[in-house]
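**Q** Can you keep this structure in mind? I'll have questions shortly.
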Amino acid sequence: MSKIFKHFTLLDFDRSFSKGLGSQLAWLAGIMCLVYIVLTAISYIGEMYAGNGNSRFLDILLVLIDPGSGSESMSSTLVIVCAVLGLIIFSGMLISVISNVLERRVESYTKGETNYNISDHIVILGFNKSIPSLIKHILENKYQGEDPYILIICNRNIEETRDWLHASISDQHEDNIILMNGVRNKEDDIKRLRLEHGVKEIYILGEEDEPAPAHDAINMECANIIATILKDKNINTKIECHVQLDSQIMFSILQKTEVDEVIKEQLIFHPFNFNEIWAQKVLATIPNEYKSLDDKGITRNSNKHAHLIIAGMNPMSWSLAVNAAHILHFPNFKEGDFNTCSTITFIDTEAVSKGKEFRGHFRNLFDLARWRDVNDNQCMNKDEYWTDPIADENSHSTYKHLSTINFMDIQWEFIEGNIFNTNILKYIESVTTQENTIATIALCEEESDKNSSICLSLSEATRLSANEILLRQNESDIAIEKLKEVYGFENIKAFGMMNECYKENLISDKYGKLINACYGDYSTGKRQEVDINDEKAVEDLWEKEKNQLNKWSSIYCANMLFYKLRSLGIDVSAGSKKVFCEDIKNAATNCMSGLTRLEHYRWVTEKLLLGFRPLLNDDEIQEWSKNKKLMKKQMKHIDILPFSKLPKNEQEKDNDVNTHLHLLYEIVERDLGSAFPSAGTTS
Numbered sequence: 010m011s012k013i014f015k016h017f018t019l020l021d022f023d024r025s026f027s028k029g030l031g032s033q034l035a036w037l038a039g040i041m042c043l044v045y046i047v048l049t050a051i052s053y054i055g056e057m058y059a060g061n062g063n064s065r066f067l068d069i070l071l072v073l074i075d076p077g078s079g080s081e082s083m084s085s086t087l088v089i090v091c092a093v094l095g096l097i098i099f100s101g102m103l104i105s106v107i108s109n110v111l112e113r114r115v116e117s118y119t120k121g122e123t124n125y126n127i128s129d130h131i132v133i134l135g136f137n138k139s140i141p142s143l144i145k146h147i148l149e150n151k152y153q154g155e156d157p158y159i160l161i162i163c164n165r166n167i168e169e170t171r172d173w174l175h176a177s178i179s180d181q182h183e184d185n186i187i188l189m190n191g192v193r194n195k196e197d198d199i200k201r202l203r204l205e206h207g208v209k210e211i212y213i214l215g216e217e218d219e220p221a222p223a224h225d226a227i228n229m230e231c232a233n234i235i236a237t238i239l240k241d242k243n244i245n246t247k248i249e250c251h252v253q254l255d256s257q258i259m260f261s262i263l264q265k266t267e268v269d270e271v272i273k274e275q276l277i278f279h280p281f282n283f284n285e286i287w288a289q290k291v292l293a294t295i296p297n298e299y300k301s302l303d304d305k306g307i308t309r310n311s312n313k314h315a316h317l318i319i320a321g322m323n324p325m326s327w328s329l330a331v332n333a334a335h336i337l338h339f340p341n342f343k344e345g346d347f348n349t350c351s352t353i354t355f356i357d358t359e360a361v362s363k364g365k366e367f368r369g370h371f372r373n374l375f376d377l378a379r380w381r382d383v384n385d386n387q388c389m390n391k392d393e394y395w396t397d398p399i400a401d402e403n404s405h406s407t408y409k410h411l412s413t414i415n416f417m418d419i420q421w422e423f424i425e426g427n428i429f430n431t432n433i434l435k436y437i438e439s440v441t442t443q444e445n446t447i448a449t450i451a452l453c454e455e456e457s458d459k460n461s462s463i464c465l466s467l468s469e470a471t472r473l474s475a476n477e478i479l480l481r482q483n484e485s486d487i488a489i490e491k492l493k494e495v496y497g498f499e500n501i502k503a504f505g506m507m508n509e510c511y512k513e514n515l516i517s518d519k520y521g522k523l524i525n526a527c528y529g530d531y532s533t534g535k536r537q538e539v540d541i542n543d544e545k546a547v548e549d550l551w552e553k554e555k556n557q558l559n560k561w562s563s564i565y566c567a568n569m570l571f572y573k574l575r576s577l578g579i580d581v582s583a584g585s586k587k588v589f590c591e592d593i594k595n596a597a598t599n600c601m602s603g604l605t606r607l608e609h610y611r612w613v614t615e616k617l618l619l620g621f622r623p624l625l626n627d628d629e630i631q632e633w634s635k636n637k638k639l640m641k642k643q644m645k646h647i648d649i650l651p652f653s654k655l656p657k658n659e660q661e662k663d664n665d666v667n668t669h670l671h672l673l674y675e676i677v678e679r680d681l682g683s684a685f686p687s688a689g690t691t692s
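First residue of the sequence shown: 10, per our numbering; consecutive thereafter.
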């Protein structure tokens, strides 16, 4: 029994003494009191103490604290005992405790185990190589002048992480960083982040090298835990929460579906994807350091068309292709005329099998769009091997009733073969040098060096004729800058770098909110005009919109703003002369029919990419008239039709945005200030 009691006592002591400074000082004070009481009791034995009773307690205490201050009233034995015990307690135990506490404090900081009493901070959960770019974006752009702390919690060696960050960010930024060790889906660790103390923003990145499905699932679990903690703490202010999703499929799903109720209540939820960010940066950022896919614009009387050639089929190339498909719509397109049709081409050694996966993912789009699978020997025959779901007599498409000719304004190619193959290089040259073709090449292979090699393999005619050649680089653009310097390449540009991922904002809904307001407020059942210059009204209307698909629709529509301006003959390139809003208004009025058709086909492509399908037959048309909301939930829409078959009132709905182009331009110009390129009309 005594043995068990002894073990329990030692265990309790170990646990208690190891808790921290307070516990250790309490134990030390207890030992000191016990020793003092024992020594005082001993002083009453025999002739241990010869003085009067009033000074006994003080004499013993003084000898304990200072062994050299021996009292004449105390026997030499008692002085020695007091001195030895005093040395043990004060010179040994007390100094050891203080030293140990300081060492543990340093160790705790080094390992990221220390908690800090901070507020108005930014929280980042997880760690990857894009962190330096994000830190720079937060401190230099988004919260410039506010100098907030950035609290990073990650499940990795904190010492190594701190050293890596030290080499990657400026000393000034380093002072704002607090590193903590923890697991992002563990509630106790998340509670250490002081979420209830005025957190400005949350970024859930996840850990590096996690498989995409697990990474995304844990990130969503983390968002749920955060929202639940905020709800339990009765935090009423919604906090912006950016959640990284590595899986393109998961990102697509969250574009279509609602998040959990607790997340909607507590967080302003922003899913984002690394590849999607870069696709938006390359294709849609305003102002943009990359050339537009339409160069200086394709007007309604132009005989030009845009062609995007993508080398490699992987998540990055998927994102580029899909975002390009949201943009490549122009007023000169005529139904069934493939010379005015935009083209997106994939080139990959496994293009056939990967193409099947791509078409399967966007099945509704490819039930209507024209496409072809070819190998390196067939690709030069540009008019052959096409599959046209609408116009082919032997097509089994369920949507042939929609039209007798193909009305989709983008066609797709999947070329299987090694891009270094002579035939494929000749095909690329033939496209880029073809009259009336504005060809952009995106080298998207996952290895940076391979993209540089492909660029060097392109013919001089290809490099000179291409609108722009984009080279994916994983780490930095130094190699591409050297290529430009050594070989004199003018129109090549690097993209996809981890260290520049957050150079601008993440996928922004800022201008999407304006587009949403252009359509008016239907919350009362009848359209009410919304002043897009009224920031509060625009924000309130965005909050009212609960359908994620409608929000993404507005964001994708906003990406078209400068493309539409160029289609009107408005030059928005840097250095061009200024144009006034009245000029845009007049140009839009004169080209309203072309803009309306353009907007409809952009909308059709967008809806098909997001998973909608046309109605199959008269029965579904009748059902639409009875229960439109239900059919929209079922991802069906009556207006996925050729523009010519669209009812007049539906055609006019697309004018809601087009009639606001001059106001949208004015707001964007005012918003960007000096960063906005001067604009003028082309001659």
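Just so you know, even glycine gets a beta-carbon here, dropped at the ideal spot from N, CA and C.
Please classify residue 13 as buried or exposed, where buried requires at least 16 neighbouring CB atoms within 10 angstroms.
**A** With a pLDDT of only 47 at residue 13, under the threshold of 50, the placement of this residue in the model should not be trusted; the figure read from the coordinates follows. By the 10 Å Cβ count, residue 13 comes out exposed.
**Q** Going by C-alpha to C-alpha distance, which of 130, 318, 310 sits closest to residue 339?
**A** Out of 130, 318, 310, 310 has the C-alpha closest to the C-alpha of residue 339.
**Q** What ranges does the beta strand (DSSP E) occupy inside the stretch 337-409, keeping only unbroken runs of at least 3 residues that lie completely in it?
**A** If we require 3 residues or more, the beta strand (DSSP E) runs fully inside the stretch 337-409 come out as 351-357, 380-384.
**Q** Mind checking if residue 477 is an interface residue toward chain B, Cβ cutoff 8 angstroms exclusive?
**A** Of the chains in the structure shown, none is chain B; there is only one protein chain.
**Q** Taking only the alpha-carbon atoms, compute the straight-line gap between residue 417 and residue 563 and give it to the nearest angstrom.
**A** Cα to Cα, residue 417 sits roughly 21 angstroms from residue 563.
**Q** Using DSSP with H/G/I as helix, E/B as strand and the rest coil, what is residue 611?
**A** Reduced to three states, the DSSP call for residue 611 is helix.
**Q** Alpha carbon to alpha carbon, how far is residue 54 from residue 108?
**A** Roughly 37 angstroms separates the two Cα atoms.
**Q** Checking 8 angstroms against the spacing of the C-beta atoms, do residue 248 and residue 199 come in under that value?
**A** Contact flag unset, no.
**Q** Distance check for residue 530 and residue 120, CA to CA, integer angstroms please.
**A** Cα to Cα, the separation comes out at about 53 angstroms.
**Q** Would DSSP call residue 314 helix, strand or coil?
**A** In this structure, residue 314 counts as strand in the three-state DSSP scheme.
**Q** Could you tell me if residue 579 is buried or exposed, where buried requires 16 or more neighbouring beta carbons within 10 angstroms of its beta carbon?
**A** With 16 or more other Cβ atoms within 10 Å, it is buried.
**Q** Just the Cα atoms here: how many angstroms apart are residue 689 and residue 572?
**A** Confidence at residue 689 is low in this model, with a pLDDT of 46, below 50, so the placement of that residue should be treated as unreliable; the coordinate-derived value is given next. Their Cα atoms are separated by approximately 14 angstroms.
**Q** Buried or exposed for residue 129, please, with buried defined as at least 16 other CB atoms from any protein chain shown within 10 angstroms of its CB.
**A** Exposed, because fewer than 16 other Cβ atoms sit within 10 Å of the Cβ of residue 129.
**Q** So, for residue 715: in the same chain, excluding its five sequence neighbours on each side, which residues have a beta-carbon less than 6 angstroms away from its beta-carbon?
**A** Not covered by the structure: residue 715. The range shown for the chain is 10 to 692.
**Q** May I have the straight-line CA-CA distance separating residue 250 from residue 142, to the nearest angstrom?
**A** Looking at the two C-alpha atoms, the distance is approximately 18 angstroms.
**Q** Does the separation of the CB atoms of residue 605 and residue 537 fall below 8 angstroms?
**A** Taking 8 angstroms as the Cβ cut-off, residue 605 and residue 537 do not qualify as a contacting pair.
**Q** Between residue 374 and the ligand FAD, is the CB less than 7 angstroms from at least one heavy atom?
**A** By its list of ligands, the structure shown contains no ligand whatsoever, and the ligand FAD lies outside what it can speak to.
**Q** Got a sec, what are the start and stop residues for the beta strand (DSSP E) residue 658 sits in?
**A** Element bounds for residue 658: not the beta strand (DSSP E) but the alpha helix (DSSP H), 657-662.
**Q** Are the beta-carbon atoms belonging to residue 542 and residue 506 less than 8 angstroms from one another?
**A** No, the pair does not count as a contact, with Cβ atoms beyond the cut-off.
**Q** Determine the closest residue to residue 270 out of 237, 282, 246, with distance taken between C-alpha atoms.
**A** It is 237.
**Q** On the three-state DSSP scale, how would you describe residue 496?
**A** Reduced to three states, the DSSP call for residue 496 is helix.
**Q** Are residue 316 and residue 352 closer than 8 angstroms when you measure CB to CB?
**A** The answer is yes: Cβ separation under 8 angstroms.
**Q** Report the rounded CA-to-CA distance for residue 161 versus residue 254, giving the unit in angstroms.
**A** Whole-angstrom Cα-Cα distance: 18 angstroms.
**Q** Residue 500 and residue 313: beta carbons closer than 8 angstroms?
**A** Against a cut-off of 8 angstroms, the Cβ pair of residue 313 and residue 500 comes out as no contact.
**Q** Can you tell me whether residue 5 is buried or exposed, with buried defined as 16 or more other CB within 10 angstroms of its CB?
**A** Because the chain here runs from 10 to 692, residue 5 falls outside it and cannot be looked at.
**Q** Determine contact between the stretch 147-160 and the stretch 219-233, defined as no fewer than three beta-carbon pairs at a distance below 8 angstroms.
**A** They do not touch, by the three-pair rule.
**Q** Express the C-alpha separation of residue 190 and residue 165 in angstroms, rounding to a whole number.
**A** About 7 angstroms.
**Q** Under the DSSP definition of a beta bridge, which residues are partnered with residue 279?
**A** In DSSP, residue 279 forms a bridge with 251.
**Q** Can you check which of these residues, 44, 640, 122, 115, is closest to residue 92 by C-alpha distance?
**A** When only C-alpha atoms are compared, the closest one is 44.
**Q** Are residue 461 and residue 438 closer than 8 angstroms when you measure CB to CB?
**A** Contact: no.
**Q** Quick one: give me the first and last residue of the beta strand (DSSP E) that residue 446 is part of.
**A** Looking at the DSSP string, the run of the beta strand (DSSP E) that includes residue 446 is 446-452.
**Q** Determine the direct distance from the alpha carbon of residue 371 to that of residue 491, and round the result to whole angstroms.
**A** Taking the straight line from one Cα to the other gives about 39 angstroms.
**Q** Quick one: Cα of residue 307 to Cα of residue 576, how far?
**A** Approximately 5 angstroms, taken between the alpha carbons.
**Q** Does residue 47 pass the burial test, meaning 16 or more other C-beta atoms within 10 Å, or should it be called exposed?
**A** By the 10 Å Cβ count, residue 47 comes out exposed.
**Q** Classify residue 701 as helix, strand or coil using the three-state DSSP reduction.
**A** Given a span of 10 to 692 for the chain in the structure shown, any question on residue 701 remains unanswerable.
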